[in-house]
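Structure, as structure tokens:
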Amino acid sequence: TKGCLIANFATVPMEAIAADTGCSIVFLHHASKGAAMMGAGDQQQASRGSSVLVDNIRWQSYLSSMTSAEAEEWGVDDDQRRFFVRFGVSKANYGAPFADRWFRRHDGGVLKPAVLERQRKSKGVPRGEA
Numbered sequence: 001t002k003g004c005l006i007a008n009f010a011t012v013p014m015e016a017i018a019a020d021t022g023c024s025i026v027f028l029h030h031a032s033k034g035a036a037m038m039g040a041g042d043q044q045q046a047s048r049g050s051s052v053l054v055d056n057i058r059w060q061s062y063l064s065s066m067t068s069a070e071a072e073e074w075g076v077d078d079d080q081r082r083f084f085v086r087f088g089v090s091k092a093n094y095g096a097p098f099a100d101r102w103f104r105r106h107d108g109g110v111l112k113p114a115v116l117e118r119q120r121k122s123k124g125v126p127r128g129e130a
């Protein structure tokens with residue numbers, strides 16, 4: 001298909017440069033709108049366009065906005081969650097698993113590591129309140 005040809009047009013020269021120089025190449029791309037809207041921007045196949053891009057790369061990371069459920073899980077007020085993004089790795093062919101990390105947006109859009117604590121879920125009704 002035309003999409004596969006375009007994706008190969010982008011990835012083949014990058015692979016050749018990496019092989020010739022021994023360097024790594026970082027190629028920036030964005031997730032599809034559907035994946036982002038459904039909270040699936042952290043999935044390997046969330047990249048927009050041809051799957052050739054995802055299939056040909058060896059490492060893929062993402063930035064994903066904090067969802068309402070994540071805000072509740074991490075104790076972040078819903079009106080503040082737009083300032084938080086999660087960085088993670090969705091594909092790592094040659095590396096160890098990587099734990100997701102939270103960052104907070106500051107002035108000018110600068111991302112700085114965020115220190116968040118998971119909220120404990122209460123089980124049942126506390127004694128004396130039944």
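Take the sequence shown: its letter number 73 is residue 73 in UniProt numbering, and every next letter is one higher. Note that the Cβ used here is the ideal one computed from N, Cα and C, for glycine as well.
Of all the CB atoms in chain D, is at least one closer than 9 Å to the CB of Glu117? No chain D is part of this structure, which consists of one protein chain only.
Where does Leu53 land, buried or exposed, given buried means 16+ other C-beta within 10 angstroms? By the Cβ neighbour-count rule, Leu53 is buried, with 16 or more other Cβ atoms within 10 Å of its own.
Spatial neighbours of Ala130 in its chain, beta-carbon cut-off 8 Å, leaving aside the 5 residues before and after: For Ala130, the predicted structure reports a pLDDT of 48, less than 50, and the residue's modelled location is therefore unreliable. The matter cannot be settled from this model.
At which residues does the alpha helix (DSSP H) containing Ser68 begin and terminate? In this chain, the alpha helix (DSSP H) harbouring Ser68 covers 68–74.
Taking only three categories from DSSP, how would you classify Gly95? Correct three-state label for Gly95: coil.
Given a cut-off of 9 Å on the beta-carbon distance, is the pair Arg58 and Lys91 in contact? Contact: yes.
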